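The block underneath contains the structure these notes are about, expressed in structure tokens.
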Amino acid sequence: MAFAVAPPLRPPDSLAGWRRSPGATPPPRFAVVLAASSGVGGERAPPTFGRLREELLQLHAEADLTQSKANSARVRLVRLTEAAENLKKRAATSVRMGKENEAVDLLVQKKKLTKALENIKERIEVLDKLSAKISEVLKGSGSEHLLAQHHP
1 MAFAVAPPLR PPDSLAGWRR SPGATPPPRF AVVLAASSGV GGERAPPTFG
51 RLREELLQLH AEADLTQSKA NSARVRLVRL TEAAENLKKR AATSVRMGKE
101 NEAVDLLVQK KKLTKALENI KERIEVLDKL SAKISEVLKG SGSEHLLAQH
151 HP
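Here the UniProt record's numbering is used: position 37 in the sequence shown is 37, and no number is missing along the way.
Below, the structure written as structure tokens:
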């Protein structure tokens with residue numbers, strides 16, 4: 001049983017217009033697929049050097065992509081935490097100025113932002129666990145030696 005990575009996934013047509021800018025393309029997203037090569041009579045075909053090397057390269061790419069997503073989520077977490085602090089300060093200022101309705105609105109926004117922060121924290125944890133598991137697989141496979149080796 002081996003892991004393989006399918007070609008980059010195309011975004012659904014309904015989301016095609018959600019890109020940040022026309023010139024910027026996001027990093028490709030890969031779907032990890034469990035590949036079980038079967039030969040005649042259901043026997044598994046022995047993995048070739050080239051196929052193993054390809055799978056390892058794809059796992060390295062998946063590990064890099066996962067780590068990149070986790071780091072982006074961390075940056076977003078810091079930015080949104082600062083925004084939540086700012087909303088709290090603005091609400092306190094509004095209360096001092098006698099604008100209770102505005103303060104309530106600001107605190108409602110802060111509550112929504114706090115919920116988003118919790119979701120981001122959970123996403124970071126999941127991405128870190130996935131990255132750790134991919135790294136374990138790569139370390140256990142001796143991938144550096146296999147990738148560096150030249151095979152005719």
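Don't be surprised by glycine CBs; every beta carbon is placed ideally from N, CA and C. Just so we're clear, the structure is a prediction, and the values are computed from it rather than from any experiment.
Give the single residue among the options whose Cα lies nearest to the Cα of residue i.
| i | options | result |
| --- | --- | --- |
| V137 | T48, F49, P47 and L57 | L57 |
| A70 | I124, K115 and Q109 | I124 |
How many Å lie between residue i and residue j at the Cα?
| i | j | result |
| --- | --- | --- |
| G50 | E122 | 37 Å |
| A116 | E55 | 35 Å |
| R76 | I120 | 8 Å |
| S68 | A61 | 10 Å |
| K99 | E118 | 29 Å |
| L130 | L52 | 21 Å |
| V33 | P47 | Reliability fails at V33, whose pLDDT of 48 lies under 50, so the model's placement of it is uncertain and no value is given. |
| K133 | A73 | 19 Å |
| V104 | A91 | 7 Å |
| residue 205 | L107 | A query on residue 205 cannot be resolved here, the shown segment of the chain reaching from 1 to 152 and no further. |
| M97 | R79 | 27 Å |
| L59 | G140 | 13 Å |
Taking residue i and residue j to be in contact with their CB atoms under 8 Å, please state how far apart those CB atoms are, rounded to whole angstroms.
| i | j | result |
| --- | --- | --- |
| S94 | E85 | Not confirmed; about 15 Å, so no contact. |
| K110 | K88 | 6 Å |
| L127 | T81 | The Cβ separation is near 18 Å, so there is no contact. |
| A63 | S135 | 6 Å |
I'd like the span of the alpha helix (DSSP H) that includes residue i, first residue to last.
| i | result |
| --- | --- |
| T114 | E100 to G140 |
| T81 | F49 to R96 |
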